[in-house]
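Colleague: Encoded as structure tokens, here's the structure I'll be asking about.
2 protein chains.
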Amino acid sequence: MDEGGNDAFETGDAEPFDMAGRRPITLADVAREARVGESTVSRVLRSHGSFSEKTRARVEAAVARLGYVPNRIAGTLASTGSRLIGIVIPSLTNIVFPDLLRGATAALEQEGFQSVIAVTDYDQDREEAVVGSLLSWRPAGLIVTGLEHNPGTRRRLAASGVRVAELLDTDGPGLDIVVGYSNRAAGEASARHLVGRGYRRIGYIGHDLTKDRRAAKRYAGFRDALRETGLALADEERVASPSSVEAGRQGLAALLARVPDLDAAYFSNDDMALGGYFHCLAHGIAVPGRLALFGYNGLDVGRLMPQPLATIRTPRVEAGATAARLLCTGSPATVVDLGFELIEGATA
Amino acid sequence: MDEGGNDAFETGDAEPFDMAGRRPITLADVAREARVGESTVSRVLRSHGSFSEKTRARVEAAVARLGYVPNRIAGTLASTGSRLIGIVIPSLTNIVFPDLLRGATAALEQEGFQSVIAVTDYDQDREEAVVGSLLSWRPAGLIVTGLEHNPGTRRRLAASGVRVAELLDTDGPGLDIVVGYSNRAAGEASARHLVGRGYRRIGYIGHDLTKDRRAAKRYAGFRDALRETGLALADEERVASPSSVEAGRQGLAALLARVPDLDAAYFSNDDMALGGYFHCLAHGIAVPGRLALFGYNGLDVGRLMPQPLATIRTPRVEAGATAARLLCTGSPATVVDLGFELIEGATA
DNA sequence: GTCCGTATTGGCAGCGCTGCCAATACGGTG
DNA sequence: CACCGTATTGGCAGCGCTGCCAATACGGAC
Numbered sequence: 003m004d005e006g007g008n009d010a011f012e013t014g015d016a017e018p019f020d021m022a023g024r025r026p027i028t029l030a031d032v033a034r035e036a037r038v039g040e041s042t043v044s045r046v047l048r049s050h051g052s053f054s055e056k057t058r059a060r061v062e063a064a065v066a067r068l069g070y071v072p073n074r075i076a077g078t079l080a081s082t083g084s085r086l087i088g089i090v091i092p093s094l095t096n097i098v099f100p101d102l103l104r105g106a107t108a109a110l111e112q113e114g115f116q117s118v119i120a121v122t123d124y125d126q127d128r129e130e131a132v133v134g135s136l137l138s139w140r141p142a143g144l145i146v147t148g149l150e151h152n153p154g155t156r157r158r159l160a161a162s163g164v165r166v167a168e169l170l171d172t173d174g175p176g177l178d179i180v181v182g183y184s185n186r187a188a189g190e191a192s193a194r195h196l197v198g199r200g201y202r203r204i205g206y207i208g209h210d211l212t213k214d215r216r217a218a219k220r221y222a223g224f225r226d227a228l229r230e231t232g233l234a235l236a237d238e239e240r241v242a243s244p245s246s247v248e249a250g251r252q253g254l255a256a257l258l259a260r261v262p263d264l265d266a267a268y269f270s271n272d273d274m275a276l277g278g279y280f281h282c283l284a285h286g287i288a289v290p291g292r293l294a295l296f297g298y299n300g301l302d303v304g305r306l307m308p309q310p311l312a313t314i315r316t317p318r319v320e321a322g323a324t325a326a327r328l329l330c331t332g333s334p335a336t337v338v339d340l341g342f343e344l345i346e347g348a349t350a
Numbered sequence: 003m004d005e006g007g008n009d010a011f012e013t014g015d016a017e018p019f020d021m022a023g024r025r026p027i028t029l030a031d032v033a034r035e036a037r038v039g040e041s042t043v044s045r046v047l048r049s050h051g052s053f054s055e056k057t058r059a060r061v062e063a064a065v066a067r068l069g070y071v072p073n074r075i076a077g078t079l080a081s082t083g084s085r086l087i088g089i090v091i092p093s094l095t096n097i098v099f100p101d102l103l104r105g106a107t108a109a110l111e112q113e114g115f116q117s118v119i120a121v122t123d124y125d126q127d128r129e130e131a132v133v134g135s136l137l138s139w140r141p142a143g144l145i146v147t148g149l150e151h152n153p154g155t156r157r158r159l160a161a162s163g164v165r166v167a168e169l170l171d172t173d174g175p176g177l178d179i180v181v182g183y184s185n186r187a188a189g190e191a192s193a194r195h196l197v198g199r200g201y202r203r204i205g206y207i208g209h210d211l212t213k214d215r216r217a218a219k220r221y222a223g224f225r226d227a228l229r230e231t232g233l234a235l236a237d238e239e240r241v242a243s244p245s246s247v248e249a250g251r252q253g254l255a256a257l258l259a260r261v262p263d264l265d266a267a268y269f270s271n272d273d274m275a276l277g278g279y280f281h282c283l284a285h286g287i288a289v290p291g292r293l294a295l296f297g298y299n300g301l302d303v304g305r306l307m308p309q310p311l312a313t314i315r316t317p318r319v320e321a322g323a324t325a326a327r328l329l330c331t332g333s334p335a336t337v338v339d340l341g342f343e344l345i346e347g348a349t350a
């Protein structure tokens, strides 16, 4: 009666069967098989509370025999907190966010947590929607990108009482935990570096800054620092598309068409800068003799170009890992500035 | 009595309060607030079953007033299936997997599913562990990469009865749903293309093929197709590290040091090929006059190089989206070969 | 006004697990 | 041998929601 058959016409009124006609194995099955109580099985499986060595062996044998897989859905509902962390990133196209994920998932796994991810496409309304969706899983914490969120998102976050870590930006007030670096300062450092090297006719090539707020902060920092030295941006080109190698290549081409005597180009990130470098290679523009290039992010690819790209290396993986760890360990609200590193390279 | 206070010393024996001293709002609260039954609230929130317009308005008003967020953990436990799909990928470093994720999460979101991701670092034992971990969330389906899994993984997958989609490879028997393309055929096509162009002293630069089984299949296809034309690989260089621009650059350097008269280099993917291209640029090696380069994946960056990279474009985003859709809609087991496209480029 | 079919609605038993608490077993002690 | 403190163990009430089913309301048709 217990082991029935795979009879598809089974009409018993209580037993739920899966598609293959098997009843899912539950903790109660394991308890029966091991001839111990349910709570004993639960304790053994979580190594929590006390039990004898003999019992542990019995339970583990039963688990193996039945091929039991604990149901964390039930476990989470019964206990208070889940072992889930929600991660909200704007994009998967730009390698910086997978980097962030990489750091976070590695740290999370170590702490026994699982990550649920959601992508916003740099849209704050979509961010609000995915935050709501993630909150319905009652996560132990949420990792979001940046400090800018619309009021609805803030309200939901606050109402949920869930711990939040905001990443990759420290220029502004945070909600709870903040891990990142100053984009504004990065922009400023870039400007000072170029000016220090003697460049004077400096242009900017960026992407859609209304959506990418961190890029906008770098731009602002760059422009302001330039102004402080008495210079102004010679010109700028904003490509409407998201940042990409292609956007950088086309953006630089457009900018040079307007301002042929530019002596340096500041890109909103390394992908764009790589595109600019390709444009220079293709058109015989000497780098940095005729035109200097400066990026942002410190991607590997920049380091391996024939002339290493001048850029700013950001600790993205570390930011993800740090945030994950703080969230898992229940750290108090804090701001962690991981800083950045200016890489002189050879293109500026 | 109902609205109590935020009294931290509340000693009532039943009410669970969160860190902020608030009792989480449940569906029962909403029902009380809207003066309807719990099941009515449930029906309205899921737009499932019938209810009057008046009731919908009442419920929605109550939800808004209380700021209620449904608890999907409880919902999933009570109903049969979850709206979670587990995604297992080998790495987040190589952009192809974020691409896959991108396709999958976009399609999943459209169907009202959420994704839980896990990374294996190309390690089959870790794959087994993360599959077990994902299964404990009782996902509606699992997306895994490739067709090779160790016996433990296969056993768990089979025992769980969960639908599985295997991605990016069609060279071999699948477990259930398979979406991808033939890596072997891609390798063959690459070899035939290079031979057709007149190259004869062809070398291979790859990474760790014991871990990346799909790269190994391309390599095998390439080598076999070469042999069929009466040629043999002039030499090959296997870098021990994972694939990267750096590995490609160093690998080509090492190979050319051994075989200076190579006339074409086949790389295990575009990242490696880009590294090789950079080596050529840095050392004044004319491409393709002196050395032809061929990659795999069809990354954007290859298209934008001064000379577009000869490569094979793979539909990674589409594969993720297709798999997600098939899983969500409960498609029967099937193999979907999305094919690939050879891009002639200018480097070969 | 009566009767019946359909549209709405509420009650309540679980889903599988954990947390609490009482029950029992074990190992000395006096 | 009775007694006590500690180590193990089992029972069972929920966690918040959904699914089932019975109860009620509504809207004509007769």
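Line by line, the protein sequences give chains F and S. Adding 2 to a residue's 1-based position in the first sequence gives its number in our numbering. Adding 2 to a residue's 1-based position in the second sequence gives its number in our numbering. Glycine included, each C-beta is placed from N, C-alpha and C at the ideal position.
Where does S184 (chain F) fall in DSSP's three states?
Modeller: Mapped onto the first sequence, residue 184 (chain F) falls at position 182. It is coil, neither helix nor strand.
Colleague: Return the CA-CA distance between G300 (chain S) and R305 (chain F), expressed in angstroms with no decimal places.
Modeller: The sequence position of residue 300 (chain S) within the second sequence is 298, counting from 1. The sequence position of residue 305 (chain F) within the first sequence is 303, counting from 1. Between G300 (chain S) and R305 (chain F), the C-alpha separation is close to 22 angstroms.
Colleague: If you measure beta-carbon to beta-carbon, which residues of the region 107 to 118 of chain F are closer than 7 angstroms to chain S?
Modeller: From the region 107 to 118 of chain F, only T107, Q116, S117 and V118 have a Cβ closer than 7 angstroms to chain S.
Colleague: For S117 (chain F), which of helix, strand or coil comes out of DSSP?
Modeller: To locate residue 117 (chain F), count along the first sequence from 1; it is residue 115. Strand.
Colleague: Within the same chain, show all residues whose beta-carbon is closer than 8 angstroms to that of L211 (chain F), passing over the 5 residues directly before and after it, in chain order.
Modeller: Residue numbering aside, residue 211 (chain F) sits at position 209 when the first sequence is read from its first letter. Closer than 8 angstroms at Cβ, skipping near neighbours: A217, A218, Y221, R240 and S270.
Colleague: Can the beta-carbon of P262 (chain S) be found less than 8 angstroms from the beta-carbon of T349 (chain S)?
Modeller: As a first step, residue 262 (chain S) is located in the second sequence; it is residue number 260 there, counting from the start. As a first step, residue 349 (chain S) is located in the second sequence; it is residue number 347 there, counting from the start. No; because the gap between Cβ atoms is not below 8 angstroms, this pair is not in contact.
Colleague: Might you give, ordered along the chain, the residues of its own chain that have their beta carbon closer than 8 angstroms to the beta carbon of D178 (chain S), omitting 5 neighbours on each side?
Modeller: The residue given as residue 178 (chain S) occupies position 176 in the second sequence. The residues are R165, V166, A167, E168 and A335.
Colleague: Would you call the region 321 to 329 of chain F in contact with the region 281 to 290 of chain F, where contact means no fewer than 3 C-beta pairs closer than 8 angstroms?
Modeller: No, they do not touch.
Colleague: Below 7 angstroms on C-beta distance, what does M307 (chain S) contact in chain F?
Modeller: Reading the second sequence from its first residue, position 305 is the one you call residue 307 (chain S). In chain order: F280.
Colleague: Between the region 61 to 71 of chain F and the region 26 to 39 of chain F, do three or more beta carbon pairs fall short of 8 angstroms?
Modeller: They touch, by the three-pair rule.
Colleague: Would you call the region 47 to 60 of chain F in contact with the region 81 to 90 of chain F, where contact means no fewer than 3 C-beta pairs closer than 8 angstroms?
Modeller: Touching, no, given that fewer than three Cβ pairs across the two stretches are closer than 8 angstroms.
Colleague: For G69 (chain F), return the contacting residues in chain S, with the cut-off set at a CB-CB distance below 7 angstroms.
Modeller: One-based indexing of the first sequence puts residue 69 (chain F) at position 67. Per Cβ cutoff of 7 angstroms: A161.
Colleague: Residues in its own chain within less than 7 angstroms of A242 (chain S) by CB, not counting five upstream and five downstream?
Modeller: Within the second sequence, numbered from 1, the residue matching residue 242 (chain S) stands at position 240. Hits under 7 angstroms: D210.
Colleague: What's the call for D265 (chain S), buried or exposed, on a 16-neighbour Cβ count within 10 Å?
Modeller: Here residue 265 (chain S) refers to the residue found at position 263 when the second sequence is read from its first residue. D265 (chain S) is buried by the Cβ-count criterion.
Colleague: Please classify T42 (chain S): does DSSP put it in a helix, a strand, or coil?
Modeller: The residue labelled residue 42 (chain S) in the question sits at position 40 within the second sequence. Helix, per DSSP.
Colleague: Note down the Cα distance separating I345 (chain F) from L254 (chain S), rounded to an integer number of angstroms.
Modeller: Along the first sequence, read from residue 1 onward, the residue named residue 345 (chain F) stands at position 343. Along the second sequence, read from residue 1 onward, the residue named residue 254 (chain S) stands at position 252. Distance between the alpha carbons of I345 (chain F) and L254 (chain S): 26 angstroms.
Colleague: Let me confirm a value: R260 (chain S) is counted as buried when at least 16 other C-beta atoms fall within 10 Å, else exposed. Which label applies?
Modeller: Residue mapping note: residue 260 (chain S) aligns to position 258 of the second sequence, counting from 1. The residue in question, R260 (chain S), is exposed, as its Cβ has fewer than 16 Cβ neighbours within 10 Å.
Colleague: Hey, could you find the ends of the alpha helix (DSSP H) A63 (chain F) is sitting in?
Modeller: The residue labelled residue 63 (chain F) in the question sits at position 61 within the first sequence. It spans E55 to L68 - the alpha helix (DSSP H) in which A63 (chain F) sits, taken as one unbroken run.
Colleague: Do you know how far the Cα of D237 (chain F) is from the Cα of L295 (chain F)?
Modeller: On the first sequence, position 293 is the one that residue 295 (chain F) refers to. On the first sequence, position 235 is the one that residue 237 (chain F) refers to. Spanning the two alpha carbons is a distance of roughly 15 angstroms.
Colleague: Within a Cβ cutoff of 8 angstroms, which residues of the same chain sit near G174 (chain S), ignoring the five residues on either side of it in sequence?
Modeller: In the second sequence, the residue the question calls residue 174 (chain S) occupies position 172. Closer than 8 angstroms at Cβ, skipping near neighbours: L149 and E150.
Colleague: Kindly indicate if chain S contains any beta-carbon less than 8 angstroms away from that of E150 (chain F).
Modeller: What you label residue 150 (chain F) is simply residue 148 of the first sequence in a count that begins at 1. No, E150 (chain F) does not count as interfacial toward chain S.
Colleague: Tell me which residues of the region 242 to 260 of chain S have at least one Cβ-Cβ distance to chain F shorter than 9 angstroms, keeping chain order.
Modeller: Here the close residues are S246, V247, E248, G250 and R251.
Colleague: Across which residues does DSSP place G143 (chain F) in a beta bridge pair?
Modeller: Here residue 143 (chain F) corresponds to residue number 141 of the first sequence, with the count starting at 1. According to DSSP, which records beta bridges pairwise, G143 (chain F) is partnered with F:I87 and F:R165.
Colleague: I'd like the span of the alpha helix (DSSP H) that includes D127 (chain F), first residue to last.
Modeller: Along the first sequence, one-based indexing puts residue 127 (chain F) at 125. Q126 to L137 is the extent of the alpha helix (DSSP H) around D127 (chain F).
Colleague: Unbroken alpha helix (DSSP H) runs of length 4 or more, entirely within the region 225 to 295 of chain S: which are they?
Modeller: If we require 4 residues or more, the alpha helix (DSSP H) runs fully inside the region 225 to 295 of chain S come out as 247 to 260 and 272 to 284.
Colleague: Just checking: is the beta-carbon of D302 (chain F) within a distance shorter than 8 angstroms of some beta-carbon in chain S?
Modeller: The residue given as residue 302 (chain F) occupies position 300 in the first sequence. So, interface residue.
Colleague: Classify D339 (chain F) as helix, strand or coil using the three-state DSSP reduction.
Modeller: Along the first sequence, read from residue 1 onward, the residue named residue 339 (chain F) stands at position 337. D339 (chain F) falls in the strand class under three-state DSSP.
Colleague: Answer with yes or no whether the minimum CB distance from I207 (chain S) to chain F is below 8 angstroms.
Modeller: Counting from 1 along the second sequence, the entry for residue 207 (chain S) is found at position 205. It does not; no Cβ of chain F falls within 8 angstroms.
Colleague: Using a Cβ-Cβ distance under 8 angstroms, would A275 (chain F) count as near chain S?
Modeller: Against the first sequence, residue 275 (chain F) aligns to sequence position 273. No, A275 (chain F) lies away from the interface with chain S (no Cβ there is under 8 angstroms from its Cβ).
Colleague: Do V247 (chain F) and L293 (chain F) have their C-beta atoms closer together than 8 angstroms?
Modeller: If you number the first sequence from 1, residue 247 (chain F) lands on position 245. If you number the first sequence from 1, residue 293 (chain F) lands on position 291. No.
Colleague: Compare the C-beta of L211 (chain F) with all C-beta atoms of chain S and state if any pair is closer than 8 angstroms.
Modeller: Against the first sequence, residue 211 (chain F) aligns to sequence position 209. It does not: the Cβ of L211 (chain F) has no partner Cβ on chain S nearer than 8 angstroms.
Colleague: Return the CA-CA distance between P317 (chain S) and L283 (chain S), expressed in angstroms with no decimal places.
Modeller: Here residue 317 (chain S) is taken as the residue at index 315 of the second sequence, counted from 1. Here residue 283 (chain S) is taken as the residue at index 281 of the second sequence, counted from 1. One C-alpha to the other measures close to 29 angstroms.
Colleague: Quick check: what's the CA-CA separation for A256 (chain F) versus E130 (chain S)?
Modeller: Along the first sequence, one-based indexing puts residue 256 (chain F) at 254. Along the second sequence, one-based indexing puts residue 130 (chain S) at 128. The straight-line gap from Cα to Cα measures roughly 51 angstroms.
Colleague: Helix or strand or just coil, what does DSSP make of R158 (chain F)?
Modeller: As a working mapping, residue 158 (chain F) is identified with position 156 in the first sequence. It is helical.
Colleague: Is DSSP giving T313 (chain S) helix, strand or coil here?
Modeller: The residue you call residue 313 (chain S) lines up with position 311 of the second sequence. Strand at T313 (chain S).
Colleague: Using a Cβ cut-off of 7 angstroms, pull out every chain S residue sitting near S100 (chain F), in sequence order please.
Modeller: Taking the first residue of the first sequence as 1, we reach residue 100 (chain F) at position 98. One point to set straight first is that residue 100 (chain F) is Pro, not Ser, in the sequence displayed. Result: L94 and P100.
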